[in-house]
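Numbering (the numbering used here), first residue to last: 153 to 320. For reference, the structure discussed in these notes is given below.
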Amino acid sequence: MINRVVLVGRLTKDPELRYTPNGVASCRFTVAVNRTFQNQQGEREADYISCQAWRKQAENLANFQRKGNLIGLEGRIQTGSYEGQDGKRVYTTDVVADSIQFLEPRNSTGGSQGTSNYESSTNTGGAYQGGSQGNFGGNNNQSNFTRVDEDPFANTKAPEVSEDDLPF
(Lines of atoms letter the chains of each structure in order from A and count residues from 1; the text may use other names and numbers.)
(Lines give C-alpha, C1' and ligand atoms only; values in the text may rest on other atoms or scores of the structure.)
Protein backbone atom coordinates (compact mmCIF):
# COMPACT_ATOMS: atom_id res chain seq x y z
CA MET A 1 0.00 0.00 0.00
CA ILE A 2 1.26 3.46 -0.87
CA ASN A 3 0.21 6.69 0.82
CA ARG A 4 2.47 9.50 -0.46
CA VAL A 5 1.60 13.12 -1.17
CA VAL A 6 3.78 15.79 -2.79
CA LEU A 7 2.52 19.39 -2.76
CA VAL A 8 3.84 22.77 -3.83
CA GLY A 9 1.80 25.75 -2.76
CA ARG A 10 1.55 28.92 -0.70
CA LEU A 11 0.74 29.24 3.00
CA THR A 12 -2.72 30.77 3.49
CA LYS A 13 -1.80 32.29 6.88
CA ASP A 14 1.10 32.44 9.31
CA PRO A 15 1.75 28.98 10.80
CA GLU A 16 0.85 28.69 14.48
CA LEU A 17 3.12 26.61 16.69
CA ARG A 18 1.60 24.63 19.56
CA TYR A 19 2.92 22.04 21.97
CA THR A 20 1.31 18.84 23.20
CA PRO A 21 1.06 18.26 26.98
CA ASN A 22 4.25 16.17 26.60
CA GLY A 23 6.11 19.10 25.01
CA VAL A 24 6.06 17.90 21.37
CA ALA A 25 5.89 20.75 18.84
CA SER A 26 2.97 20.68 16.40
CA CYS A 27 1.93 23.06 13.65
CA ARG A 28 -1.27 23.03 11.63
CA PHE A 29 -1.29 25.01 8.39
CA THR A 30 -3.11 25.24 5.08
CA VAL A 31 -1.44 25.23 1.67
CA ALA A 32 -3.15 26.75 -1.39
CA VAL A 33 -2.27 24.65 -4.45
CA ASN A 34 -3.21 25.89 -7.93
CA ARG A 35 -5.10 23.49 -10.15
CA THR A 36 -3.51 22.64 -13.50
CA PHE A 37 -6.57 23.65 -15.53
CA GLN A 38 -8.73 26.76 -15.89
CA ASN A 39 -12.44 27.06 -15.17
CA GLN A 40 -15.05 28.21 -17.72
CA GLN A 41 -14.17 31.85 -17.03
CA GLY A 42 -10.51 31.18 -17.86
CA GLU A 43 -9.38 31.50 -14.24
CA ARG A 44 -7.21 29.10 -12.28
CA GLU A 45 -8.75 27.80 -9.10
CA ALA A 46 -6.89 26.52 -6.07
CA ASP A 47 -7.37 23.73 -3.58
CA TYR A 48 -6.81 24.54 0.11
CA ILE A 49 -5.18 21.55 1.74
CA SER A 50 -5.02 21.12 5.51
CA CYS A 51 -1.56 20.00 6.67
CA GLN A 52 0.28 19.25 9.87
CA ALA A 53 3.97 19.21 10.83
CA TRP A 54 5.58 17.85 13.97
CA ARG A 55 8.68 18.42 16.11
CA LYS A 56 11.61 20.39 14.70
CA GLN A 57 10.08 20.90 11.27
CA ALA A 58 6.97 22.38 12.94
CA GLU A 59 9.21 24.81 14.84
CA ASN A 60 11.16 25.69 11.68
CA LEU A 61 7.98 26.29 9.69
CA ALA A 62 6.52 28.58 12.37
CA ASN A 63 9.80 30.46 12.90
CA PHE A 64 10.85 30.99 9.27
CA GLN A 65 7.72 31.04 7.09
CA ARG A 66 4.82 33.45 6.80
CA LYS A 67 1.54 33.81 4.94
CA GLY A 68 2.09 33.73 1.17
CA ASN A 69 5.44 31.91 1.23
CA LEU A 70 5.90 29.13 -1.32
CA ILE A 71 6.71 25.76 0.21
CA GLY A 72 7.03 22.20 -1.00
CA LEU A 73 6.15 19.27 1.17
CA GLU A 74 6.11 15.51 1.06
CA GLY A 75 4.01 13.45 3.40
CA ARG A 76 1.02 11.18 3.77
CA ILE A 77 -2.74 11.56 4.01
CA GLN A 78 -4.23 10.85 7.41
CA THR A 79 -7.94 10.68 8.16
CA GLY A 80 -9.67 10.88 11.49
CA SER A 81 -12.90 11.78 13.19
CA TYR A 82 -14.20 13.27 16.40
CA GLU A 83 -17.53 14.16 17.95
CA GLY A 84 -18.41 17.82 17.39
CA GLN A 85 -20.01 20.11 19.97
CA ASP A 86 -23.40 19.43 18.40
CA GLY A 87 -22.94 15.69 18.93
CA LYS A 88 -22.43 14.92 15.23
CA ARG A 89 -19.42 13.03 13.89
CA VAL A 90 -16.85 15.28 12.15
CA TYR A 91 -14.46 13.65 9.67
CA THR A 92 -11.02 15.11 8.98
CA THR A 93 -8.42 14.65 6.23
CA ASP A 94 -4.92 16.11 6.66
CA VAL A 95 -1.54 15.77 5.01
CA VAL A 96 1.05 14.91 7.68
CA ALA A 97 4.34 16.34 6.41
CA ASP A 98 7.46 14.17 6.51
CA SER A 99 9.62 16.87 4.90
CA ILE A 100 9.11 20.52 4.05
CA GLN A 101 11.18 22.67 1.72
CA PHE A 102 11.16 26.46 1.78
CA LEU A 103 11.15 27.40 -1.91
CA GLU A 104 11.69 31.17 -1.83
CA PRO A 105 14.53 33.42 -0.69
CA ARG A 106 13.99 35.40 2.49
CA ASN A 107 13.11 38.70 0.82
CA SER A 108 11.10 37.53 -2.20
CA THR A 109 7.64 38.14 -0.68
CA GLY A 110 7.94 41.61 0.76
CA GLY A 111 10.58 41.05 3.42
CA SER A 112 9.21 37.84 4.90
CA GLN A 113 11.24 35.84 7.38
CA GLY A 114 11.58 32.70 5.22
CA THR A 115 14.74 30.76 4.39
CA SER A 116 15.95 29.84 0.93
CA ASN A 117 16.12 26.27 -0.42
CA TYR A 118 16.01 24.68 2.99
CA GLU A 119 14.70 21.25 3.87
CA SER A 120 13.48 20.11 7.24
CA SER A 121 12.84 16.41 7.60
CA THR A 122 11.60 14.47 10.61
CA ASN A 123 10.51 10.88 10.99
CA THR A 124 7.15 11.48 12.65
CA GLY A 125 6.26 7.92 13.59
CA GLY A 126 2.72 8.14 14.90
CA ALA A 127 0.84 11.41 14.82
CA TYR A 128 -2.31 13.03 16.11
CA GLN A 129 -5.11 10.49 15.95
CA GLY A 130 -8.07 12.87 16.18
CA GLY A 131 -10.50 13.39 19.01
CA SER A 132 -10.30 15.61 22.04
CA GLN A 133 -8.45 13.14 24.23
CA GLY A 134 -5.04 14.40 22.99
CA ASN A 135 -3.73 11.04 21.81
CA PHE A 136 -0.31 11.95 20.43
CA GLY A 137 2.33 9.50 19.29
CA GLY A 138 5.72 9.49 17.63
CA ASN A 139 8.96 7.94 18.61
CA ASN A 140 11.83 9.42 16.68
CA ASN A 141 13.18 12.93 17.16
CA GLN A 142 15.85 13.04 14.47
CA SER A 143 16.24 16.06 12.19
CA ASN A 144 18.01 16.44 8.89
CA PHE A 145 18.83 19.76 7.22
CA THR A 146 20.13 19.94 3.66
CA ARG A 147 21.03 22.96 1.58
CA VAL A 148 19.71 22.17 -1.89
CA ASP A 149 21.73 24.89 -3.64
CA GLU A 150 25.17 23.57 -2.62
CA ASP A 151 27.07 21.31 -5.03
CA PRO A 152 28.30 18.27 -3.05
CA PHE A 153 31.02 17.65 -5.67
CA ALA A 154 32.33 21.24 -5.87
CA ASN A 155 35.58 20.53 -3.97
CA THR A 156 36.42 17.14 -5.49
CA LYS A 157 39.09 16.67 -8.14
CA ALA A 158 37.43 14.77 -10.99
CA PRO A 159 39.62 13.23 -13.71
CA GLU A 160 39.50 14.84 -17.14
CA VAL A 161 37.35 12.88 -19.60
CA SER A 162 38.07 13.28 -23.29
CA GLU A 163 35.41 13.20 -26.02
CA ASP A 164 36.91 9.89 -27.24
CA ASP A 165 36.03 8.18 -23.93
CA LEU A 166 32.32 8.99 -24.13
CA PRO A 167 30.04 6.17 -25.37
CA PHE A 168 27.72 8.52 -27.29
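Every residue gets a Cβ at the ideal spot worked out from N, C-alpha and C, and that includes glycine. Model, not experiment: these values are computed from the prediction.
Inset, instruction - Rank Arg170, Arg258 and Ala198 by C-alpha distance to the C-alpha of Arg162 and give the top, closest one. - result: Ala198
Legend entry - Supposed close pair Cys203, Phe181 - CB separation, criterion 8 Å: 5 Å
Legend entry - Rounded C-alpha distance that separates Glu168 from Lys208: 14 Å
Inset, instruction - Pull up the distance between the alpha-carbon of Thr164 and that of Lys219, whole angstroms please. - result: 5 Å
Legend entry - Span of the alpha helix (DSSP H), counted from its first residue to its last, around Glu211: Arg207 to Phe216
Inset, instruction - Please look up how many angstroms separate the CB atoms of Ser251 and Glu226, rounded, as I've assumed it's under 8 Å. - result: 5 Å
Inset, instruction - Please say whether Trp206 and Val157 have beta carbons closer to each other than 8 Å? - result: no
Inset, instruction - Could you tell me the boundaries of the beta strand (DSSP E) in which Leu255 lies? - result: Note, Leu255: premise wrong, no beta strand (DSSP E); not H, not E.
Inset, instruction - Please classify Glu235: does DSSP put it in a helix, a strand, or coil? - result: strand
Inset, instruction - Could you tell me how far apart the beta carbons of Gly236 and Leu255 are, in whole angstroms, since I believe they sit closer than 8 Å? - result: Between Leu255 and Gly236 the Cβ distance is about 36 Å, and since that is not below 8 Å, they are no contact.
Legend entry - Residues near Leu222 in its chain [Cβ-Cβ closer than 6 Å; skip 5 each side]: Arg162, Leu255 and Glu256
Legend entry - Which of helix, strand or coil DSSP assigns to Glu195: coil
Legend entry - Arg228 beta carbon less than 8 Å from that of Asn155: yes
Legend entry - Local Cβ density within 10 Å of Val248, reported as buried at 16 or more and exposed below that: buried
Inset, instruction - Give a yes or no on whether the C-beta atoms belonging to Val183 and Leu159 are separated by under 8 Å. - result: yes
Legend entry - 8 Å Cβ cutoff met for Arg95 and Asn186: In the structure as shown, the chain starts at 153 and stops at 320, and residue 95 therefore has no counterpart that could be examined.
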